[in-house]
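Engineer:
There are 2 protein chains.
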Amino acid sequence: MEEKINLAEKLTLFADYWSPRTVANLNENSIMVVKVKGEFTWHKHDDTDDFFLVLKGRLTIQMPEREVVLGPGELFVVPRGIEHRPVAEEETHLLLIEPTGTPNTGDPATAVPQKFI
Amino acid sequence: MEEKINLAEKLTLFADYWSPRTVANLNENSIMVVKVKGEFTWHKHDDTDDFFLVLKGRLTIQMPEREVVLGPGELFVVPRGIEHRPVAEEETHLLLIEPTGTPNTGDPATAVPQKFI
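Here it is as structure tokens:
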């Protein structure tokens with residue numbers, strides 16, 4: 001059976017940005033941690049909402065009509081179909097939840113493969 | 001469109017134990033916060049895994065063959081079909097994710113109704 005997951009410990013095991021690591025499965029979803037810094041690409045997911053919870057740092061989620069700025073302990077769900085671009089000025093750690101196999105860029109051609117940790 | 005969710009702020013808005021509040025929807029799932037203290041009932045969910053992330057405090061999840069003890073920043077997914085009982089000696093704050101409509105006791109007859117906050 002699975003062990004408990006310590007998110008801070010998992011985040012010590014890698015250093016690259018914008019490359020989520022799956023730490024657990026929840027039904028058909030992947031629970032992931034990711035380190036981000038800088039600007040990601042504008043993208044959208046037509047078939048799924050996009051969950052962001054900040055564990056450390058500060059994340060801006062830009063959308064066409066507005067933006068939200070998240071600190072530790074703050075979450076936001078980008079509704080499916082809404083273009084968005086995550087931006088972090090400093091290194092920021094996130095918890096993500098997405099249906100397993102969701103391309104992180106919104107496009108399988110440019111998405112990073114799923115990595116477990 | 002939804003606003004960002006500050007989990008600590010949401011947790012100031014209620015005081016009762018074992019009564020999850022839904023703070024956001026993620027596809028067909030409810031993202032919930034809950035305050036717990038004491039022993040919950042033994043139960044299981046045949047159709048869904050059960051996600052627990054400790055935000056504050058300390059949670060023991062008892063299962064027939066073992067138990068896990070979670071502190072802040074630690075999560076555990078109880079696989080579907082596994083009997084479990086959450087126990088907290090001190091007031092403990094959790095983030096839960098479950099398919100919308102999942103009875104918290106595993107049984108619709110005894111479950112608390114879904115509450116939004």
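Chain order of the listed sequences is A and B.
Numbered per the UniProt record's numbering, the first sequence finishes at 117, counting up by one with no gaps.
Numbered per the UniProt record's numbering, the second sequence finishes at 117, counting up by one with no gaps.
Don't be surprised by glycine CBs; every beta carbon is placed ideally from N, CA and C.
Predicted, not measured: the structure shown is a model, and the values here were computed from it.
#1: Could you check how far apart the C-beta atoms of Leu95/A and Leu55/A are, in whole angstroms? I think they sit under 8 Å.
#2: For the beta strand (DSSP E) that Glu90/A lies in, which residues bound it at each end?
#3: Does the stretch 20-27 of chain A come into contact with the stretch 81-89 of chain A, if we say contact requires no fewer than three beta-carbon pairs (one atom in each stretch) closer than 8 Å?
#4: Residues of chain A with a CB under 9 Å from the CB of Glu91/B: which are they?
#5: When DSSP labels each residue in this structure, what does Gln13/B get in the three-state scheme?
#6: When the distance is taken between beta carbons, is Asp49/A closer than 7 Å to Leu26/B?
#7: Got a sec? Which residues, its chain only, sit under 8 Å from Thr92/A by beta carbon, not counting five neighbours each side?
#8: Quick check on the DSSP output: the beta strand (DSSP E) that includes Met32/A runs from which residue to which?
#9: Could you confirm whether any beta carbon from chain B is found closer than 7 Å to the beta carbon of Asp16/A?
#10: Ala24/B by DSSP, collapsed to three states: which one?
#11: What does a CB cutoff of less than 6 Å around Ala24/A pick up in its chain, not counting 5 residues either side in sequence?
#12: Just checking my contact of Phe51/A with Leu70/A at CB under 8 Å: how many whole Å lie between their CB atoms?
#13: Can you list the alpha helix (DSSP H) stretches of 4 or more residues lying completely in the stretch 47-86 of chain A, in chain order?
#14: Arg66/B: which of Val78/B, Gly73/B and Ile97/B sits nearest, CA to CA?
#15: Within the 7 Å Cβ cut-off, does Ala24/A reach chain B?
#16: Give a yes or no on whether 7 Å exceeds the smallest Cβ distance from Leu70/B to chain A.
#17: Throw me the rounded Cβ distance for the Asn29/B and Thr100/B pair, which I believe falls under 8 Å.
#18: Thinking Arg80/B and His45/B are a contact (beta carbons under 8 Å), I'd like their distance in whole angstroms, please.
Structural biologist: In short:
#1: 6 Å
#2: Arg85 to Pro99
#3: no
#4: Within 9 Å Cβ-Cβ: nothing; Glu91/B doesn't reach chain A, min ~17 Å.
#5: Correcting the residue type first, residue 13/B is Leu in the shown sequence and not Gln. Note: Leu13/B maps to coil in three-state DSSP.
#6: yes
#7: Lys35, Val36, Lys37, Val54, Lys56, Gly57, Arg58 and Leu59
#8: Asn29 to Glu39
#9: no
#10: strand
#11: Ile5 and Ile31
#12: Contact flag wrong, Cβ pair sits at about 11 Å.
#13: none
#14: Val78/B
#15: yes
#16: yes
#17: 6 Å
#18: 6 Å
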